[in-house]
Amino acid sequence: MAARSSAAGKHGAGPRVVAQNETAAAAVGAGAASLDRIIHERLRLAIVSALSVNPILTFAELKKLLSTTDGNLSVHSRKLEDAGYIAVEKKFEGRMPRTEYRLTVSGRSALERYLTHMEALIRATRSA
Amino acid sequence: MGAVRPIRPTAEPIGLHDQAMDNLRFIRHTMENAGSFTAVPGVGGIVVGATAFFAAFAAHLSAGPRHWLFVWIGEAFLALAIGLGFSARKARRAGNSLLSRPFRRFVFAMAPPIVAGALLTVMLNNAGLVRCLPAVWLLLYGAGVACGGAFSVRIVPVMGLSFLVLGAVAVLAPAVWSDALLAFGFGGLHLFFGWIIARHYGG
Numbered sequence: 017m018a019a020r021s022s023a024a025g026k027h028g029a030g031p032r033v034v035a036q037n038e039t040a041a042a043a044v045g046a047g048a049a050s051l052d053r054i055i056h057e058r059l060r061l062a063i064v065s066a067l068s069v070n071p072i073l074t075f076a077e078l079k080k081l082l083s084t085t086d087g088n089l090s091v092h093s094r095k096l097e098d099a100g101y102i103a104v105e106k107k108f109e110g111r112m113p114r115t116e117y118r119l120t121v122s123g124r125s126a127l128e129r130y131l132t133h134m135e136a137l138i139r140a141t142r143s144a
Numbered sequence: 381m382g383a384v385r386p387i388r389p390t391a392e393p394i395g396l397h398d399q400a401m402d403n404l405r406f407i408r409h410t411m412e413n414a415g416s417f418t419a420v421p422g423v424g425g426i427v428v429g430a431t432a433f434f435a436a437f438a439a440h441l442s443a444g445p446r447h448w449l450f451v452w453i454g455e456a457f458l459a460l461a462i463g464l465g466f467s468a469r470k471a472r473r474a475g476n477s478l479l480s481r482p483f484r485r486f487v488f489a490m491a492p493p494i495v496a497g498a499l500l501t502v503m504l505n506n507a508g509l510v511r512c513l514p515a516v517w518l519l520l521y522g523a524g525v526a527c528g529g530a531f532s533v534r535i536v537p538v539m540g541l542s543f544l545v546l547g548a549v550a551v552l553a554p555a556v557w558s559d560a561l562l563a564f565g566f567g568g569l570h571l572f573f574g575w576i577i578a579r580h581y582g583g
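If you're matching them up, the sequences are chains A and B in order.
Convert by adding 16 to the 1-based position in the first sequence; the result is the number in my numbering.
Convert by adding 380 to the 1-based position in the second sequence; the result is the number in my numbering.
Structure below.
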């Protein structure tokens, strides 16, 4: 930041620009710090994104869509379920078990907050 | 004292801006892959249905097979323009691109039966078999919508199957029913399914 401030000073931008840069950098720092770590992880972000455009997806559909393994999908969907971001329903179709996932209201808000964060980070880094 | 050098040269750290952009791209890509194309325009379907009724009426009053064919070909181009226009409008309103992956998949799945229908139209017209065209159009349009509908909301393949059933009826029906069947299909089915799509899938 000091280097940035001195660079701004060298180009004659003055204290106002320096203050703006500092504010933007602070916003970037705050934005990065307050990121939702639960959906920041790639596979969990993919699960939430996929469910945001489909009312219900089964385990098999999600696995195929995200090209992942049973174990990975189970672990990460459990974390999202524990956080209340997705709801899981286990049923039987004949004798075959069927696990269905859907995004909860809280999960949708979390995705929206995450998107807002990303956009804010982009704006802040641009203005910095 | 010498300067400390890292054992392995490290890559430049990725900036926050690039990470954020990459995350947004990832979310968009995942949504596009997972989503069905919902820019099938319900309102557009209603408008196409209405124009098809006029076309059926005009075709019924036509002087001969040549005039009859011109009326329906004109209606096909008009319906295409209306469908594309309303799809673009609906996609724009939803903040999506009409050229998104789901739309491209929808179009690529729908195109082969439609192209086959256009070529068969030329062939059957040249062979003097214009009376076969209603069944061919209804069947191939139905096949196209059913195939494209695999990448769309569930009601779209149902619409395709309805056209296929009507096409099957047209195969067995007498030639004098042609305009009525085309009016029922391109008019009635578009109006009915257009209304459902407009009501339940955002316009």
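For every residue, glycine included, the Cβ atom is placed at its ideal position computed from N, Cα and C.
Source: prediction; values computed, not measured.
query                                                                                                                                                               : result
Under the DSSP definition of a beta bridge, which residues are partnered with A:F108?                                                                               : A:P113
Whose C-alpha, out of B:A432, B:G424 and B:A414, is nearest the C-alpha of A:L61?                                                                                   : B:A414
If you draw a straight line from the C-alpha of B:V549 to the C-alpha of B:A515, how long is it?                                                                    : 8 Å
Nearest to A:I102 by alpha carbon, out of A:T85, A:T84, A:E109 and A:I72?                                                                                           : A:I72
Give the secondary structure of A:A103 by DSSP, where H, G and I count as helix, E and B as strand, and everything else as coil.                                    : strand
Shorter than 8 Å from the beta carbon of A:I72 to some beta carbon of chain B?                                                                                      : no
Using a Cβ-Cβ cutoff of less than 7 Å, which residues in the same chain neighbour B:I577 once the five nearest sequence positions on both sides are dropped?        : V420, G422, G425 and I535
Just checking my contact of B:L519 with B:L544 at CB under 8 Å: how many whole Å lie between their CB atoms?                                                        : 6 Å
B:R446 by DSSP, collapsed to three states: which one?                                                                                                               : helix
Considering only their Cβ atoms, is the gap separating B:V510 from B:W448 smaller than 8 Å?                                                                         : yes
Taking C-beta pairs closer than 7 Å, name the residues in chain A that B:M401 reaches, listed in chain order.                                                       : I138
Measuring only between beta-carbons, confirm whether A:S125 sits less than 8 Å from chain B.                                                                        : no
When the Cα of B:I462 is compared with those of B:P537, B:V427 and B:C527, which residue comes out closest?                                                         : B:V427
I'd like to know if B:F406 contacts chain A, where contact means its C-beta is closer than 8 Å to some C-beta of that chain.                                        : yes
Is the Cβ-Cβ distance between B:L478 and B:A468 less than 8 Å?                                                                                                      : yes
Quick one: is A:R53 near chain B, going by C-beta distance under 8 Å?                                                                                               : no
Would B:G567 pass as a contact of B:A436 if the rule is Cβ separation under 8 Å?                                                                                    : yes
What's the C-alpha gap between B:A597 and B:G574?                                                                                                                   : Coverage of chain B is limited to positions 381 through 583, which leaves residue 597 of chain B absent and any answer about it impossible.
If you drop the 5 nearest sequence neighbours on each side, which residues of the same chain put their C-beta closer than 6 Å to that of B:S542?                    : L569
Going by the CB atoms, is the gap between B:M401 and A:I138 shorter than 8 Å?                                                                                       : yes
Distance cutoff 8 Å, beta carbons only. Does A:S65 sit that close to anything in chain B?                                                                           : yes
Short of 6 Å in beta carbon distance, which residues of its chain neighbour A:L192, apart from the five on each side in sequence? Order them along the chain.       : This structure leaves residue 192 of chain A out entirely; chain A is present only between 17 and 144.
Whole angstroms is fine: what's the gap from A:S83's alpha carbon to B:S532's?                                                                                      : 21 Å
Rounded to whole angstroms, what is the Cα-Cα separation between A:N37 and A:S143?                                                                                  : The pLDDT assigned to A:N37 is 48, lower than 50, so where the model puts this residue is not dependable; a value taken from the coordinates is nonetheless given after this. One C-alpha to the other measures close to 7 Å.
Is the beta carbon of A:G100 closer than 8 Å to that of A:T120?                                                                                                     : yes
Roughly how many angstroms separate the alpha carbons of B:G395 and B:H409, rounded to a whole number?                                                              : 21 Å
For A:K106, which residues from the same chain have a beta carbon less than 6 Å from its beta carbon, with the 5 sequence-adjacent residues on both sides left out? : T115
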